[in-house]
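Residue numbers (the UniProt record's numbering), protein chains in the order written: chain Z, 1 to 394; chain B, 1 to 394; chain H, 1 to 394; chain R, 1 to 394. Built from N, CA and C at the ideal position, the CB exists for glycine as well. It should be emphasised that the depicted structure is a prediction, and the values quoted were computed from it without experimental measurement. Okay, structure first, notes after.
What follows is the structure, encoded as structure tokens:
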């Protein structure tokens, strides 16, 4: 086994990705929803689909759950989930509260000026912690959609205060081995300001909430031109990088498949993590997919994403960290850059396939998916249910 | 009547704004819909609401119609519309085809690789022209949502060809006094490319379609940093500015109320139009609102938008065009800028109110709306229907 | 004195703005420099010009100094500055180190991989602190131009460590009443990453440096779409807003005059400060101009900027904070927004002029500047010196 | 020779890149210039350097000339250039007028309100055409830096008219085989609007100038989020794509080396060209580098850029156009995308090296440059001249 193969195999051996349960269901844009006949229509089907992705790839052993959609009975749903875990060979991953769907959240949830709404939202956070405990899930993953659409209509400053209280109350419920992941997003569904708009807000808010609160980086949630790998580097430096939501975007949506628009950026993000490890740094990072596939087949898109993440992670693993550090500190720019991007431009796909074969996995999971007939089967089985769900928002 | 009053009155005398029927109905973001009890649930209610806005403001005599939603029977709906026009003292305005909602449009409508889908879409365009003729509407307003989400998945070049054919076929159906307004949008719902992404594409496509095709500028549909007033100036120069869709945005959505984020930009856009007229240019511009109010009350937001448009149009009318030209051509930058923005910073609201009073209109239409009790009434009347429409997209 | 007048007068009574010495000298873009004959060519002329702006406006009693350009002899220059202060009735303000001009800084200053360069840069920081002490200046204002142009060429993470050391060393030299202002900038002159790229980096770095380090917000230094007033709100909440560099930009430059592109944004920033005060918050904010006028006359642009800042600060002071809070917390969106922007659209210029007259100042400082003949005089006196400075960078 | 090799060899056989003379000289940012001792200080050294790049790569047979800097005697410089061409085995390429450096251009050149300045600028354009004729150069490449920094200070509309006249006058002087390439740029050095800001403006202006005027796409000159390959597709469709200026950028500068930030985007641009050819389209595209290397060694950066362009052009050549069209038109999204990006992720470097060897060229031109000792030699020879040029703009 040569050096490149060793590096790739070692990297892939410890690289795991969490699948989002909502990535298997029909979703859409604000203009409508294009229905896929094979989309999952309930939690059992989501577990089945996620289990199939894990079976094909071997590196997706957990599925993120969305409290409202996947655990409608709250903690009462836990037993059903337990059975599904057994049945499909995939465990529950992060627990995702829902603070955007109830009509009372029109003007915010944890940041709503109305104390009773804030209480409802905080209670939902705490219930999410309880569910996570019951399921043995470590991470509660908070995406806060709160914000405002118009200048002057809400108090940015008072809302900071309210959020501080809510997250402190949530943090107080965490078991000692649990974490609160705090996500940020510059806009949408709020269009003038989002209460947690950038990593600085998420980080300082997490710090105020308590030591087990860390930051979640969604690769699609940044202003155009932002250097995301630099943010990753700072969060690693601060010991506050809790995980990722993987996806991509060209302009301002964040639900495209990982690396589909800018694969070099994903490589550079992974590089920061490898570089941190190489210099003796420690980190504990949850890699999660957060995508919603409107046009691509949901199973295909998910398998493709897992494979893409592996390939880009493997490419980044090829960077000779010691040599790169030397060239960087000598300010040998062109040599450093060539070394760096030679790793990116090296075709690791044969090595990734070899790694898969060495684990008894299909060499090409997309091909294996096709050959399995799985999509055809679920399309037949679920078509009627999906057809009745309608596709229009009008 | 002093000079400022004369200018403002003259400007307002000829300034009319079209209301969008869809701005009165419940809509949402991709994350859900917050239901307003008073939202319009059918075309009769939309006409009632639009009629009320026109009654309060006196400058919104037409309502844009959306073929699929407002004219479900196609030309067969015309008689019903005629009656509503009479009843509410407001006429039909631009006719808006729908090329994004049918499941067959998943991969495009006029640009779909499948010829049968393109035919269906083209037929819908032609039907829209026929409806417009039947209603006596001049403008067919095309927003094309076609595009692709991922590199390599669609042929940009072949789609240009298909679109050229479809618009030529549509243009051939226009009566001599009709126009085809071609809108552009950089992204959403397509996220990698939109087939008509910028004004250059809309303009060259319109030119190929025929002489009655012109460009529609939606103020929210531009890359960040774009100088929209410059595009307006070029379209005026090219004789191809057909109209506007008014709204605003902070980052990447386009449904905020006009001028709510950047009122100075709206002023500058209006200035280009006044400057064009002052230098002897001719134009024929349809001013239309295209907003969907998720959080603000729909009636309030619409009245507010009309009033804002009037105020900013009036401020721009205060610019002394002759003096400004002189200072510009002398490159007296600070003097020119001070003259220019003094118009913006002049408080025209008393003059606008005086103009309204002179027309027998309420001086403050927002106050008049409140005093009318209209929103309370429709909220009571329509609450049950709206409640049953559900609010969640999950 | 009515309520509006009282609010405006009270606001203007405590509002002071610092002028940048470099704003009076000839500068340019990377494509060249257009020479103004009246531009200041030395520190004496800069003090004269700044003194004139202060004489005309009465609210610009300090001038920011740039160590390398204004204090070429380091502390040895202090006596000369003292004399100029006396002569022109204007004091030294913030002290600005220069870490970008020396050829050794090609690959960075405080973040340079070479320890000897880092030492040189740190020594310059410490010397700047000493100069500030000697001049009685409170604030040392750090703009760090360090960064890299290409992926892989520099270690983001090691550079964070080096910067931490350098700022700690600088902070250790501060007198107890001094402050270190830490500025951030997303790009330029470094084009791939800038070591302090956003407020989160500046804030966490300041925290690590020590309690007297706070953040400096340059209004032009943000990714497009960023909500700057929200950052201001967070920094106020965190007690870490040290000051502003005022300017504006349309796309990506930051040297346009304040409010020239988006005056409503400036109003919203000032509103956050007024709101913080109204709710009992305390802050200590240095308002500073950082502009470089390539095309506008330098004296005119500076006077115009001071007047613009006053007017927008006064408009923001008109917001009825108690009423606004009530409407915000009742989620009365349209009412809250109308109250908010009515303040913006109120013409405060007569009140600002009345305030000036009440202080014995010219009602319109731009007119007064013109009538003074000052620009003609300095243009005559300095023309020869400026002509020899050349204009081309080729 | 297998299929991939044939495709790569065929692609590289006809791919040529023009070097910019100004890419070998010292340049900087507005904050200063870091001096490279080996930078070219005159036209002879620029030809020497360009000749060396061509010798190493074999695909850079022409050098773009900048009238003011490289042909100070105008047509009188032609003989000297002729000799340099002979001496260094490299020909003159596009001729680039300079309309930004003279002090009279402070408020514009071809768009200046002063007719005498417009005449001077137009005369310079016509002289550039004459020089091009004398040198046997086909393309005159216009980058227009004109614009304004502040709203209201210049008339956008009158300036369009003036520019139309100037380009018509220039076009009238073209020989029948010459072309006028019209470039666009959204901002810088003008910061509020640039007279030719986007491809729509460049295209419609070129059309008005005459049939030999076409558009030049500078890859760095677009608003963030713009889909550049789509613009390329439209220009190909319109028969108006004259050429490229190659470079890259992360945020808003355009002088980074090609593909250094987003190599996949460059691949996609090349794909549109290959797709156009594959479908029977014809084009005549000048590939030119326009970079200014502030930090990287100038020779290294130029060789690296040529090699990068070749590699990405070769990757794009691997796309199976027939198969891709089939998958696209079947809307087989994931299959189409996988086929597409498999070409991108294929490691073509061995094939590119084999092609070079087959032409008697060094397999790795960067290594060959290093081994040649050329940079050391010119650094010794030119160090003194460069040292005296100073580095600071203060």
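Inset, instruction - Could you check the C-alpha separation between residue 343 of chain Z and residue 18 of chain R for me, to the nearest Å? - result: As a first step, residue 343 of chain Z must be located in the first chain, where it is residue number 343. As a first step, residue 18 of chain R must be located in the fourth chain, where it is residue number 18. When rounded, the separation of the alpha-carbon atoms in residue 343 of chain Z and residue 18 of chain R is 28 Å.
Inset, instruction - Tell me, please, whether the CB atom of residue 349 of chain Z is closer than 8 Å to any CB atom in chain R? - result: Counting from one through the first chain, the residue named residue 349 of chain Z turns up at place 349. Chain R, which has a Cβ nearer than 8 Å to the Cβ of residue 349 of chain Z, makes this yes.
Inset, instruction - Identify which residue in R/337, R/369, R/279 has its Cα closest to the Cα of residue 264 of chain R. - result: Within the fourth chain, numbered from 1, the residue matching residue 264 of chain R stands at position 264. Comparing Cα positions, the closest option is R/337.
Legend entry - Among R/145, R/171, R/87, the one whose alpha carbon lies nearest that of residue 125 of chain R: For the purposes of this step, residue 125 of chain R is taken as residue 125 along the fourth chain, with counting starting at 1. Taking only the C-alpha atoms, the option nearest residue 125 of chain R is R/171.
Legend entry - Under the three-state DSSP convention, the category residue 54 of chain B falls into: By one-based count along the second chain, residue 54 of chain B stands at place 54. In the structure shown, residue 54 of chain B sits in a helix (DSSP, three-state: H, G or I).
Inset, instruction - Identify every run of the alpha helix (DSSP H) within the region 75 to 125 of chain H, keeping only runs that are complete inside it and at least 4 residues long; order them along the chain. - result: Whole alpha helix (DSSP H) segments, 4+ residues: 78 to 88.
Legend entry - Nearest residue (CA-CA) to residue 23 of chain B, options B/304, B/77, B/185: Here residue 23 of chain B corresponds to residue number 23 of the second chain, with the count starting at 1. If we check each option's Cα against that of residue 23 of chain B, B/304 comes out closest.
Inset, instruction - Return the residues of the region 326 to 337 of chain B that lie within a Cβ-Cβ distance of less than 7 Å from chain R, sorted by chain order. - result: 328, 329, 331, 333, 336, 337
Legend entry - Reference residue 27 of chain B; option with closest CA among B/205, B/255, B/210, B/243: On the second chain, position 27 is the one that residue 27 of chain B refers to. The shortest C-alpha separation from residue 27 of chain B is found at B/255.
Inset, instruction - Check the C-beta distance from residue 122 of chain H over to residue 93 of chain H and give it rounded, since I have them as a contact under 8 Å. - result: Within the third chain, numbered from 1, the residue matching residue 122 of chain H stands at position 122. Within the third chain, numbered from 1, the residue matching residue 93 of chain H stands at position 93. With a Cβ gap of about 23 Å, residue 122 of chain H and residue 93 of chain H do not count as contacting.
Inset, instruction - Could you list which residues in chain B have their beta carbon closer than 8 Å to that of residue 29 of chain Z, in chain order? - result: In the first chain, the residue the question calls residue 29 of chain Z occupies position 29. Under the 8 Å cutoff, chain B gives 30, 188, 189.
Legend entry - For residue 326 of chain Z, the nearest candidate out of H/114, H/219, H/319, H/199 (CA to CA): As a working mapping, residue 326 of chain Z is identified with position 326 in the first chain. Checked all of H/114, H/219, H/319, H/199; the closest Cα to residue 326 of chain Z is H/114.
Inset, instruction - Would you give the residue range spanned by the alpha helix (DSSP H) that residue 363 of chain Z belongs to? - result: Against the first chain, residue 363 of chain Z aligns to sequence position 363. Careful: residue 363 of chain Z lies outside any alpha helix (DSSP H) and carries neither H nor E.
Inset, instruction - Compare the C-alpha of residue 266 of chain R against each of R/13, R/75, R/341 and name the closest. - result: Reading the fourth chain from its first residue, position 266 is the one you call residue 266 of chain R. Ranking the options by Cα distance to residue 266 of chain R, first place goes to R/341.
Legend entry - Opposing strand residues paired with residue 368 of chain Z [DSSP bridges]: By one-based count along the first chain, residue 368 of chain Z stands at place 368. According to DSSP, residue 368 of chain Z bridges with nothing at all.
Inset, instruction - Check the Cβ-Cβ distances between residue 160 of chain R and every residue of chain B, and say whether any is below 8 Å. - result: Against the fourth chain, residue 160 of chain R aligns to sequence position 160. By this cut-off, residue 160 of chain R is an interface position.
Inset, instruction - Tell me whether residue 151 of chain R is buried or exposed, calling it buried when 16 or more other Cβ atoms sit within 10 Å of its Cβ. - result: Walking along the fourth chain from the start, residue 151 of chain R turns up at place 151. With 16 or more other Cβ atoms within 10 Å, it is buried.
Inset, instruction - Decide if the region 283 to 299 of chain B is in contact with the region 234 to 251 of chain B; the criterion is three or more beta carbon pairs, one per stretch, under 8 Å apart. - result: yes
Inset, instruction - Using 10 angstroms around the beta-carbon of residue 323 of chain Z, count the other beta-carbons present and answer buried if the total reaches 16, otherwise exposed. - result: Translated into positions along the first chain, residue 323 of chain Z becomes position 323. When all chains shown are included, residue 323 of chain Z counts as exposed.
Legend entry - CB-CB length for residue 339 of chain B against residue 56 of chain B, believed under 8 Å: Against the second chain, residue 339 of chain B aligns to sequence position 339. Against the second chain, residue 56 of chain B aligns to sequence position 56. Not really, about 34 Å apart at Cβ, beyond 8 Å.
Legend entry - Under 8 Å by beta carbon: chain Z residues contacting residue 252 of chain B: Here residue 252 of chain B refers to the residue found at position 252 of the second chain. Near residue 252 of chain B (Cβ distances below 8 Å), the residues of chain Z are 187, 188, 251, 252.
Inset, instruction - Tell me where the alpha helix (DSSP H) around residue 200 of chain Z begins and ends. - result: Position 200 of the first chain, counting from 1, holds the residue named residue 200 of chain Z. Taken as a continuous stretch (DSSP letters only), the alpha helix (DSSP H) holding residue 200 of chain Z covers 199 to 209.
Inset, instruction - Taking only runs that begin and end inside the region 123 to 152 of chain Z, name each unbroken alpha helix (DSSP H) of 4 or more residues, in chain order. - result: none
Legend entry - Against chain B: residues of the region 274 to 301 of chain H by CB proximity under 8 Å: 295, 296, 297, 300, 301
Inset, instruction - Check the Cβ-Cβ distances between residue 244 of chain B and every residue of chain Z, and say whether any is below 8 Å. - result: Walking along the second chain from the start, residue 244 of chain B turns up at place 244. It does not; no Cβ of chain Z falls within 8 Å.
Inset, instruction - Alpha carbon to alpha carbon, how far is residue 273 of chain H from residue 6 of chain H? Give it in angstroms, no decimals. - result: As a working note, residue 6 of chain H is residue 6 in the third chain. As a working note, residue 273 of chain H is residue 273 in the third chain. Roughly 18 Å between the two C-alpha positions.
Inset, instruction - Run through the region 259 to 327 of chain H for me and flag every whole alpha helix (DSSP H) of 4 or more residues, listed as ranges in chain order. - result: List check, alpha helix (DSSP H) in window: 263 to 278, 298 to 317.
Legend entry - Cross-chain neighbours of residue 386 of chain Z in chain B, by beta carbon under 9 Å: Here residue 386 of chain Z is taken as the residue at index 386 of the first chain, counted from 1. Per Cβ cutoff of 9 Å: no residues; residue 386 of chain Z is ~11 Å from chain B at best.
Inset, instruction - Pull up the distance between the alpha-carbon of residue 45 of chain Z and that of residue 117 of chain B, whole angstroms please. - result: The residue given as residue 45 of chain Z occupies position 45 in the first chain. The residue given as residue 117 of chain B occupies position 117 in the second chain. Residue 45 of chain Z and residue 117 of chain B: Cα-Cα distance of roughly 32 Å.
Legend entry - residue 24 of chain H: contacting residues in chain B (beta-carbon distance under 9 Å): For the purposes of this step, residue 24 of chain H is taken as residue 24 along the third chain, with counting starting at 1. Per Cβ cutoff of 9 Å: no residues; residue 24 of chain H is ~15 Å from chain B at best.
Inset, instruction - Would you mind stating whether residue 15 of chain Z and residue 313 of chain Z have Cβ atoms separated by less than 8 Å? - result: The sequence position of residue 15 of chain Z within the first chain is 15, counting from 1. The sequence position of residue 313 of chain Z within the first chain is 313, counting from 1. Cβ atoms of residue 15 of chain Z and residue 313 of chain Z: closer than 8 Å.
Legend entry - Outcome for residue 83 of chain Z when other beta-carbon atoms lying within 10 angstroms are tallied against a minimum of 16: Residue 83 of chain Z sits at position 83 when you count from the first residue of the first chain. The residue in question, residue 83 of chain Z, is exposed, as its Cβ has fewer than 16 Cβ neighbours within 10 Å.
Legend entry - Inter-residue spacing [alpha-carbon to alpha-carbon] between residue 190 of chain R and residue 146 of chain R: As a position in the fourth chain, residue 190 of chain R is number 190, starting the count at 1. As a position in the fourth chain, residue 146 of chain R is number 146, starting the count at 1. One C-alpha to the other measures close to 7 Å.
Inset, instruction - Could you pull out every residue in the same chain whose Cβ sits closer than 8 Å to the Cβ of residue 382 of chain H, ignoring the five residues on either side in sequence? - result: Residue numbering aside, residue 382 of chain H sits at position 382 when the third chain is read from its first letter. Only 37, 38, 39, 40, 41, 45 meet the Cβ criterion.
Inset, instruction - Give the secondary structure of residue 391 of chain Z by DSSP, where H, G and I count as helix, E and B as strand, and everything else as coil. - result: Taking the first chain and counting its residues from 1, one reaches residue 391 of chain Z at position 391. Here the model assigns residue 391 of chain Z a pLDDT of 47, short of 50, so the residue's position is not dependable and the matter cannot be decided.
Legend entry - 7 Å CB neighbourhood of residue 391 of chain B in its chain, flanking five on each side removed: Start at 1 with the first residue of the second chain, and residue 391 of chain B comes out as number 391. Low per-residue confidence applies at residue 391 of chain B: pLDDT is 47, beneath 50, and the placement is therefore not dependable, though the value from the model is reported in the following sentence. Around residue 391 of chain B: 32, 33, 34, 35.
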